[in-house]
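Numbering (the working numbering), first residue to last: 40 to 800.
Contents: one structure, followed by commentary.
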């Protein structure tokens, strides 16, 4: 380090009132070099080592250049030296930011403390008094503008007593502009509005005036109606076939593109003889893009020059996507799934898969999206010595698990049978999905055939704060399942309860269900603190069938059948809450709570295997493999056992993410806690949930992780270290105390590999 330089070690802000520190820190021009683990400046160290080992213009080998690029450019970070000019600029930025927030008399001073060439900068801020709003007045330069602005003022973002902030004043001006443009004033813009602040003689109170005038021609401050709407398909091929049609007042030029005009009409909110609306224009664009038929949507607004009226012409130019498309995706599989759906080892599964997708857009001329998907996959555990004979393309081999999955999906761009809801302008991307799936799964212990059929409504709503809500409602979820267990497999379970549970879980059955779920995200309204929430509000199965059975058959029958198969009857609900707290550019704290509960009743004693809850794995408790923990305090040491599932689940995750090499490598520290429990009366005491003791039965782990950003996707590696294991004897549950024992790290910790960040949806 040069003798006349010192590194910026920290920026500190001392302020006499509560203000958002994160936003203040963004005004500081230069920030210290990042610290890994909040102690070591790894990026600065990498930069120094790279330049020290590979001095400039002395690198001859290609490998040397790549290593230097990795150390200096990718992972490295230039030293941030103290600079007096930047200090002054940061101070001015803080002052101006606070001025915009209404603190007109704020003062900003800074002090630098340097020790061993490390400088700590402290910004001392005194906010001073603020002006508050005494009154708000809206004035129009003529009767027309005045009448409109008086109505718009009723929804003002400002109120007497608020601090006078330029940002809020500007937002109110934007809101008024939007109101005018949404009510026919196409030529209206922010230049029409002048903000006047009168602070004279009011004892730190201000009178705010919004003066609306017309700086240009008279027509600019008048409402414009839509005279004509023209929709031009395949507009880049306009010199070919030109089929024309006028449908409900809208002119269509199909140019050889075949689609029913009512489908496009539903997406067009700009109608002839209506006033122009900017919101309708933007939503028309979103709805047309949302159909999935067009790769390009261009909307032009032109003046109607054939008379003196204030009228407009809307021209919508659409470029269709290819009608047919296909995708073939080879895949490599690394999973934690037990190929036998029992625990008999802790090995990972490795395998290959191929996925093929055929897509046909607009198959019935109603903008439908028809997809055929086929996936063929095989997995095994090396060294397990087990497998099921499989023949693929004439080649025979043994696989631990073999899966063949064929799916037919039809997507309609509307809510079928709910026309009034479908036409609601506040709802976006309305969809009706019909999905039929045929699954064959084989391994050494069982063969399972499944035919799930789903009918689902989907829609999206965005409120005035730009918060997004996504809703799914499935009135029909019908699943036919036929499983054949190998007799040798059942004999392995000498415990009668396990044998009964195994046969019940994997018997042939029908699952008729209804489900309502939602997804919420408010990142658009607060980029520093936001929520992702996913909820399965309710999932009910078997009630309608049970009602019909009781109406026409013996109510007291213990084994009620439909089409010769027993049906499941249960209720289930789940919530997943994820809170993101952003600290600066490269630090994020993620807090997550995942809870679920389900209960079988009536015709069933347990829920279907796939609807029961489990913990463990790369998105749950990362020091345990999936389905190997719980329920409760259960400690099952048998060589063979069924995957561990439960009726109630609680999982808590805390993860701190930080950048190591921004854009290439991130790190994370995490703590996970949770477990599952049973609710049925016949369950063992140690597996049941009790309010006064469940917290003692929570498993706890910590760990570190690395995330490799490969542009198109992220590879994640998390090392989970158990702290508290409820399945151990009472005096040995804090397993971390054995940390120094030989082989403990290899036998008790878990290395998770996954694609993408955890808790993302």
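C-beta: ideal position from N, C-alpha, C; glycine also.
Please read these numbers as outputs of a predicted model, since none were measured by experiment.
- Taking a C-beta distance under 9 Å as the contact criterion, residue 172 and residue 247 qualify as a contact pair.
- Residue 765 and residue 737 have their alpha carbons spaced roughly 7 Å apart.
- With contacts defined by Cβ atoms closer than 9 Å, residue 338 and residue 355 form a contacting pair.
- Here the C-alpha atom of residue 134 lies approximately 46 Å from the C-alpha atom of residue 308.
- In the DSSP assignment, residue 511 is bridged to 497, 556.
- The region 476-487 makes contact with the region 518-525: 3 or more CB pairs, one atom from each, lie closer than 8 Å.
- With fewer than 16 other CB atoms across the displayed protein chains lying within 10 angstroms of its CB, residue 199 is exposed.
- Straight-line measurement puts the Cα of residue 619 at about 16 Å from the Cα of residue 507.
- The continuous alpha helix (DSSP H) containing residue 318 extends over residues 317-329.
- Here residue 568 has 618, 619, 620, 621 as same chain residues with Cβ atoms under 8 Å from its own Cβ, once five neighbours each way along the sequence are excluded.
- As a beta-bridge residue in DSSP terms, residue 272 pairs with 357.
- Between residue 205 and residue 67, the CB-CB gap reaches or exceeds 9 Å.
- Runs of the alpha helix (DSSP H) lying entirely within the region 92-171 and spanning at least 4 residues, in chain order: 101-107, 123-139.
- With contacts defined by Cβ atoms closer than 9 Å, residue 578 and residue 650 form a contacting pair.
- Buried is the label assigned to residue 294, since at least 16 other Cβ atoms lie within 10 Å of its Cβ.
- Restricting attention to 126, 164, 167, 643, the CA atom closest to the CA of residue 151 is found in 126.
- Boundaries cannot be given for residue 663, as no beta strand (DSSP E) includes it and DSSP labels it neither H nor E.
- In this structure, the CA atom of residue 392 is about 42 Å from the CA atom of residue 724.
- Here residue 514 really is in contact with residue 553; their C-beta atoms are around 6 Å apart, less than 8 Å.
- For residue 244, the uninterrupted beta strand (DSSP E) run begins and ends at 244-251, by DSSP.
- Pairing residue 471 with residue 107, the inter-Cα distance amounts to about 54 Å.
- At the C-beta level, residue 289 and residue 406 stay beyond 9 Å of one another.
- Judged by beta-carbon spacing, residue 744 lies within the 9 Å limit of residue 756, meaning their Cβ atoms are closer than that value.
- Put simply, the region 705-720 touches the region 638-656. At least three CB pairs are less than 8 Å apart.
- With 16 or more other Cβ atoms inside 10 Å of its own Cβ, residue 696 counts as buried.
- Only residues of its own chain outside the window of five on either side were considered, and among them 399, 400, 401 have a CB closer than 8 Å to the CB of residue 362, listed in chain order.
- Taking the Cα positions, residue 448 is about 30 Å away from residue 665.
- Cβ-Cβ separation between residue 476 and residue 495: approximately 13 Å, too far for a contact (criterion under 8 Å).
- Per the coordinates, the alpha-carbon of residue 222 lies some 12 Å from the alpha-carbon of residue 190.
- Residue 229 places its beta carbon 9 Å or farther from that of residue 238.
- At a Cβ-Cβ threshold of 9 Å, residue 557 and residue 572 count as neighbours.
- One alpha carbon belongs to residue 718, the other to residue 59, and they sit about 46 Å apart.
- With 16 or more neighbouring CB atoms inside 10 Å of its own CB, residue 663 falls in the buried class.
- Comparing alpha-carbon positions, the option among 453, 225, 299, 331 lying closest to residue 341 turns out to be 225.
- In the three-state scheme derived from DSSP, where H, G and I count as helix and E and B as strand, residue 546 is classed as coil.
- Out of 500, 527, 670, 474, the CA that lies nearest to the CA of residue 517 is found in 474.
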